[in-house]
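Residue numbers (my numbering), protein chains in the order written: chain A, 44 to 187; chain B, 140 to 609.
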């Protein structure tokens, strides 16, 4: 087990969550054609295609594509119950801000380290994002 | 956030539970994005939706994209969109032309996909539900052409990214690529938090494109060329807002439509300052609101960059064309007329489907003036209220077919589903429909695709590396 790392960031949607990290180096869309309602990523050309987001802390640069990613995220969390536990981006786009708020999961960006480099798939990640004014806390425990 | 008296009353429930629910959502979002106030919208554009599909059916997992979770509470309350007569609410193309469910050879009834009856019924109920709420049933990704007419300086909440870019770039309307949760709330409440593209200082350009003279001298009146130019711009935009110099002095609506559709898959901020064309951006200085900063990157584009898009937007491994898809974004009547003239007297190849998609007003014009008959007599299909992609995104059609298109957006949105895509000019598309094969004729020498890598088609820029839609 590697050493725990604590990062500070900005709260883009309030909440607390923990889970295993799934890191996509390419932008993601929560639209149901890109991440299916069963939680499986289907994006030809993206190395994480085929993996499942369910219960994960999903880390990606920012949104791509459809505005329907907003209710796509909502449906996966509250409708089919195959959604992520929380999201961390380099920049959380407002499409995903609204999706996360409606889904009642935390969304964080502006970390003091690039999340795509600091977090690896399989790491255990805890998010504490309690209000918009104060820094969000992200704790990363590297995979053993 | 500072609210007006009426907005506060809506939030407090004084104007009913629907407005309260909408305002709660808008206020929470406004707080998250740091908005200081709401603005009144004059135009809201949402997405179609199914209603009443059994939640235990496999079709529910395919065709319910999440709209239901947002809309069901409002349907239960019998809610209407804002009664403010200055607010027009429209919706995007959805699953099918509702009076033509049985028609064969259409995107919803063909050799790759046959829409289940339950889905058709749920789509019909969804169309009805939006209409009953007070949505203008545009079922168009270009509602600004024939259905709704927001004006320069108006605020809008537009879920259709390509329409959002046309509104910002050509009409001078202010809109984000609005979250598909917030737009239906805005439709009920008539307002939206002032954030992003609604704030003037966020609309300033951050990169300059200099187009070589040869672009305006050689680009032809073909959506393919304009879409290729849009693609060449989006490819290098990297989520910055472009100011584009040396545009042709005049821009037809069809050209502007094809050009601005690049924003949908290419840029998160749906705005191009086309210098001399975009309202408020008569000069580069105007676009920047005064002095042009010295450190802004300048990108020089030549005709070779436009031509390169024809080559890069190509993932088909053979020259066989199974579907010729025209109308992304939906065709204007003048474009249908152009297609009808080109296909008149010819026959579509027996193994190829020609799909011509448009909005409802243009569809009926084409019926009235004979263009639709010419296209159908040739073996093509013309339809309205829908876009091919809505079904292809919902259900796996397999990957053993090739689609030819003159839309950059279509390539980027649907290109990741697995089938082969060929980007082509209008004459090349007509030829492909008739012969069943793609032949490269747009440029002086046929394009060579042997060195092109497949899926993802464009590997040099991260922004291009994944599919996206709407």
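Just so it is clear, CB atoms sit at the ideal spot from N, CA and C, and this is done for glycine as well.
DSSP state of residue i, grouped into three classes?
i: residue 593(B); result: No answer about residue 593(B) holds up, because its pLDDT of 44 lies below 50 and its placement is not dependable.
i: residue 381(B); result: strand
i: residue 566(B); result: helix
i: residue 156(B); result: helix
i: residue 143(B); result: coil
i: residue 357(B); result: helix
i: residue 60(A); result: strand
i: residue 494(B); result: strand
i: residue 167(A); result: strand
i: residue 341(B); result: helix
i: residue 148(A); result: coil
i: residue 363(B); result: helix
i: residue 370(B); result: helix
i: residue 185(B); result: strand
i: residue 255(B); result: coil
i: residue 335(B); result: helix
i: residue 330(B); result: strand
i: residue 180(A); result: strand
i: residue 581(B); result: coil
i: residue 389(B); result: coil
i: residue 281(B); result: coil
i: residue 53(A); result: strand
i: residue 500(B); result: helix
i: residue 74(A); result: coil
i: residue 158(A); result: helix
i: residue 69(A); result: coil
i: residue 102(A); result: strand
i: residue 557(B); result: coil
i: residue 48(A); result: strand
i: residue 289(B); result: coil
i: residue 401(B); result: coil
i: residue 468(B); result: strand
Is residue i buried or exposed, if buried means 16 or more other CB atoms sit within 10 Å of its CB?
i: residue 187(B); result: buried
i: residue 589(B); result: exposed
i: residue 573(B); result: buried
i: residue 56(A); result: buried
i: residue 578(B); result: exposed
i: residue 101(A); result: buried
i: residue 179(A); result: buried
i: residue 375(B); result: buried
i: residue 298(B); result: buried
i: residue 168(A); result: buried
i: residue 364(B); result: buried
i: residue 290(B); result: exposed
i: residue 353(B); result: exposed
i: residue 610(B); result: As displayed, chain B neither begins before 140 nor continues past 609, which places residue 610(B) out of reach and without an answer.
Starting from residue i, follow its DSSP beta bridges and name the residues at the other end.
i: residue 408(B); result: None; residue 408(B) has no bridge partner.
i: residue 314(B); result: 295(B)
i: residue 525(B); result: 233(B)
i: residue 456(B); result: Residue 456(B) is not bridged to any residue.
i: residue 349(B); result: 384(B), 439(B)
Shorter than 6 angstroms, the distance from the beta carbon of residue i to the closest heavy atom of the ligand NAD, or not?
i: residue 510(B); result: Ligands are entirely absent from the displayed structure, and the ligand NAD is therefore not among its contents.
Any chance the segment 159–174 of chain B sits against the segment 325–338 of chain B, with 3 or more Cβ pairs inside 8 angstroms? Enough Cβ pairs lie closer than 8 angstroms, so yes.
Can you pull out the residues from the segment 278–298 of chain B whose beta carbon lies closer than 7 angstroms to at least one beta carbon of chain A? 298
Determine which residues of the segment 206–225 of chain B have a Cβ less than 8 angstroms from any Cβ of chain A, and write them out in chain order. Within the segment 206–225 of chain B, the qualifying residues are 206, 207, 208, 209.
Counting pairs of Cβ atoms below 8 angstroms between the segment 559–567 of chain B and the segment 538–546 of chain B, do you hit three or more? yes
Three Cβ pairs or more, each shorter than 8 angstroms: is that satisfied between the segment 355–370 of chain B and the segment 439–447 of chain B? yes
For the segment 164–182 of chain B, which residues have a beta carbon sitting closer than 9 angstroms to at least one beta carbon of chain A? 164, 167, 168, 170, 171, 172, 173
Where the segment 129–154 of chain A meets chain B: residues whose CB sits under 7 angstroms from a CB there: Result list: 136, 137, 138, 140, 141, 142, 144, 145.
Stretch-stretch touch, CB-based, cutoff 8 angstroms, three pairs: the segment 497–509 of chain B with the segment 466–478 of chain B: yes
On the three-pair Cβ rule with 8 angstroms, is the segment 312–328 of chain B touching the segment 156–165 of chain B? Three or more Cβ pairs closer than 8 angstroms define a contact, and the segment 312–328 of chain B meets that threshold against the segment 156–165 of chain B.
The segment 455–462 of chain B touching the segment 376–395 of chain B, judged by at least three CB pairs closer than 8 angstroms: Flag = no, the segment 455–462 of chain B and the segment 376–395 of chain B do not touch.
When you compare the segment 148–155 of chain B with the segment 312–322 of chain B, are there three or more beta-carbon pairs, one atom per stretch, that lie closer than 8 angstroms? no
With three or more beta-carbon pairs closer than 8 angstroms as the criterion, would you say the segment 428–435 of chain B touches the segment 526–542 of chain B? no
Determine contact between the segment 292–308 of chain B and the segment 128–141 of chain A, defined as no fewer than three beta-carbon pairs at a distance below 8 angstroms. no
Spell out a yes or no on whether the segment 59–77 of chain A and the segment 102–120 of chain A are touching, meaning 3 or more CB-CB pairs, one atom from each, closer than 8 angstroms. yes
Tell me which residues of the segment 102–124 of chain A have at least one Cβ-Cβ distance to chain B shorter than 9 angstroms, keeping chain order. For the segment 102–124 of chain A, which is checked against every Cβ of chain B, the residues closer than 9 angstroms are 104, 105, 106, 107, 108, 109, 110, 111, 112, 113, 114, 115, 116, 117, 118, 119, 121, 122, 123.
According to a CB-to-CB cut-off of less than 8 angstroms, which residues of the segment 167–178 of chain A neighbour chain B? Close to chain B, meaning a Cβ-Cβ distance shorter than 8 angstroms, are the following residues of the segment 167–178 of chain A: 175.
Taking any Cβ of chain A, which residues in the segment 304–321 of chain B have a Cβ under 9 angstroms from it, in chain order? Result list: 315, 316, 317, 318, 319, 320, 321.
Is there contact here, the segment 276–286 of chain B with the segment 205–219 of chain B, by at least three beta-carbon pairs under 8 angstroms? no
Can at least three beta-carbon pairs, one atom from the segment 226–238 of chain B and one from the segment 246–265 of chain B, be found at a separation below 8 angstroms? yes
How about the segment 521–533 of chain B and the segment 446–458 of chain B: do they share at least three Cβ pairs that are nearer than 8 angstroms? no
Residues within the segment 503–533 of chain B neighbouring chain A, beta-carbon criterion of under 8 angstroms: 532, 533
Do three or more CB pairs link the segment 157–175 of chain A to the segment 48–64 of chain A at distances below 8 angstroms? yes
Taking only beta carbons into account, state which residues of the segment 83–104 of chain A come closer than 7 angstroms to chain B, listed in chain order. 86, 87, 88, 89
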